[in-house]
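One structure is given below, encoded as structure tokens.
Protein chains: 2
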Amino acid sequence: MSPSYNSTRHDRDGVARVALALLDEVGLADLSMRRIAARLDVQPSALYWHFASKQALLAELADRITAGTPHEDASVLDTARGIRDALFAYRDGAELVLSTYALRLGSSAAQTAVHDALVAGGADSPQERAAAIMHFILGHATLVQQRMHADSYGAVLSGDAASAVDDVTAGLDRVFDLGVTALAGALRSSAAPLRDPI
Amino acid sequence: MSPSYNSTRHDRDGVARVALALLDEVGLADLSMRRIAARLDVQPSALYWHFASKQALLAELADRITAGTPHEDASVLDTARGIRDALFAYRDGAELVLSTYALRLGSSAAQTAVHDALVAGGADSPQERAAAIMHFILGHATLVQQRMHADSYGAVLSGDAASAVDDVTAGLDRVFDLGVTALAGALRSSAAPLRDPI
DNA sequence: ACCTGAACACCGTTCAAGT
DNA sequence: ACCTGAACACCGTTCAAGT
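Listed in order, the protein sequences are those of chains A and B. Numbering of the first sequence is given in our numbering, commencing with residue 1 and proceeding in unit increments. Numbering of the second sequence is given in our numbering, commencing with residue 199 and proceeding in unit increments.
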């Protein structure tokens, strides 16, 4: 037992794990280094032993959010849905990944997965299409996630609020599918693949 | 002349105008209420007479950035390019509009312009396509603008840095045009419009 | 290897009071 | 109508020092 009241000592992985959990609780705007430190029962300065800066910590979180996404041999639409759902899995996940994307760490794996699915489907310009689809997914998911959060404030207004939210959600799902399908371009049907040219 | 050393008194429009200019100078991350106040030779608390909160000020700036965009009778691609270029006109313009978009103020005018161009072109599902195109424009412009800023740090590395940047820019332009065109779907050619069905 | 304590230079916002 | 002064509850980051 030896009850010393600050026995916990952390490593980089542990810090990232509780930071990710805290992100889901409080959102990106309230995810401060001081709050993360408090949750770890540690002084804020202790975090700088594990991460060079808050930006570096956030980049690590973005990588973890997009880490699970590359599913082998999925269609373009399923790959895109997988990426979107990974962004939705954490509060403000899309915004965090979007704002970390320029430094392109883990999120390039997602783009590669889209690219591979496009090539498997026989699309032309797979490089440009993969980039366009990633831009669309990130923009779409950020706006939808933002909107869900904004709506959850003005909510509980009238009795039909819940069904109205469902309508909006269904509409946004259609927008996503239409967008990804259009951006994927003409694809070989997976049921009846084209024979080789000649 | 009567040289009193704090004669300047401001209105809402004046505050917004210098805030927008300051945004372009320092970027969104460094655009604090205190900095805006200092530029106006005023105490930070004075800003709260003109705007209820920083969020409200930022929303006003986002509206101004997207205000000029709706050009009448333009093609979908030209309308989309106009919106993108309006976002590019100010530092971090895309990110600011994206993060304010959920509250949908001025940016709904942009979406309406895209919608109208789609209807004029005879696209199906213009509502969904207009939403998808806006999501794509905002995601794309945010990522491109971020990337330009990130690159301008590591720049001046080798002699061919400038031409490499040009290559990337040209590639991103192609991604944008391909994306908007694909999302617009099958359109009536503007040179030879379809006759009415029947 | 990992953390504390203290400091530095900042934030957004409120509110009574001034002119 | 528009602003000041002072305060409150926060920020990210650095760095010497501790264990």
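For every residue, glycine included, the Cβ atom is placed at its ideal position computed from N, Cα and C.
- Residue burial annotation: Q241 (chain B) is exposed, with fewer than 16 other C-beta atoms found within 10 angstroms of its C-beta.
- Along the segment 330 to 353 of chain B, going in chain order, the ones with a CB nearer than 7 Å to a CB of chain A are A330, H333, F334, L336, G337, H338, T340, L341, Q344, R345 and A348.
- If you compare the alpha carbons of B:L229, B:D228, B:R232 and B:A244 with that of D209 (chain B), the shortest gap goes to B:A244.
- Following the DSSP letters along the chain, one finds T264 (chain B) inside the alpha helix (DSSP H) bounded by residues K252 to A265.
- Under the Cβ criterion of 8 Å, V114 (chain A) is not counted among the residues facing chain B.
- Here L256 (chain B) is near L294 (chain B), since their CB atoms are less than 8 Å apart.
- Bounds of the alpha helix (DSSP H) holding D85 (chain A) are V76 to F88.
- The continuous alpha helix (DSSP H) containing T298 (chain B) extends over residues G291 to T298.
- Looking at the backbone, the Cα of V224 (chain B) and that of G82 (chain A) are separated by about 37 Å.
- Following the DSSP letters along the chain, one finds R35 (chain A) inside the alpha helix (DSSP H) bounded by residues M33 to R39.
- Close CB contacts of A16 (chain A) within its chain, under the 6 Å cut and outside five residues either way in sequence, are with E60 (chain order).
- For a Cβ distance threshold of 7 Å, residue set E128 of chain A lies close to R372 (chain B), ordered along the chain.
- Taking a Cβ-Cβ threshold of 8 Å, none of the residues of chain A is close to S361 (chain B); the smallest such distance is about 19 Å.
- Using a C-beta cut-off of 8 Å, the segment 136 to 143 of chain A makes no contact with the segment 281 to 292 of chain B, since fewer than three inter-stretch Cβ pairs fall below that distance.
- Below the 7 Å Cβ cutoff, chain B contributes A380, L381 and G383 as neighbours of A182 (chain A), in chain order.
- Inclusion of G93 (chain A) and L187 (chain A) in the CB contact set at 8 Å is not warranted, their separation being larger than that value.
- Of all residues in the segment 80 to 109 of chain A, only E95, L98, S99, Y101, A102 and L103 come within less than 8 Å of chain B when Cβ atoms are compared, listed by chain position.
- Around G122 (chain A), no beta-carbon contact reaches into chain B at under 7 Å, the shortest distance being about 16 Å.
- Look at R17 (chain A) here: in three-state DSSP terms it is helix.
- Not a single C-beta of chain B is nearer than 8 Å to the C-beta of S32 (chain A).
- Nearest C-alpha to D24 (chain A) among A:T8, A:I65 and A:S53: A:I65.
- S75 (chain A) does not reach chain B, its nearest Cβ partner there being about 17 Å away, counting only Cβ pairs nearer than 7 Å.
- When C-alpha distances from L118 (chain A) are compared across A:S108, A:V76 and A:D177, the shortest belongs to A:V76.
- Interface residue (Cβ-Cβ distance to chain B less than 8 Å): L178 (chain A) is classified as such.
- Apart from sequence neighbours up to five positions away, the residues of its chain that approach A339 (chain B) with a beta-carbon distance below 6 Å are R282, L285 and A292, ordered along the chain.
- The count of Cβ pairs closer than 8 Å, one atom from the segment 178 to 187 of chain A and one from the segment 374 to 385 of chain B, reaches three, so the stretches are in contact.
- When Cβ-Cβ separations below 8 Å define contact, S53 (chain A) makes no contact with chain B.
- Only residues of its own chain outside the window of five on either side were considered, and among them none has a CB closer than 8 Å to the CB of A170 (chain A).
- Here P44 (chain A) carries a helix assignment [DSSP, helix/strand/coil].
- Taking C-alpha positions only, V175 (chain A) is separated from R327 (chain B) by approximately 7 Å.
- Between P70 (chain A) and A38 (chain A), the CB-CB gap reaches or exceeds 8 Å.
- When DSSP states are grouped into helix, strand and coil, E72 (chain A) belongs to the coil group.
- Listed along chain A are L178, each with a C-beta nearer than 7 Å to that of S323 (chain B).
- Comparing alpha carbon positions, the residue from A:V144, A:G68 and A:R34 closest to S53 (chain A) is A:R34.
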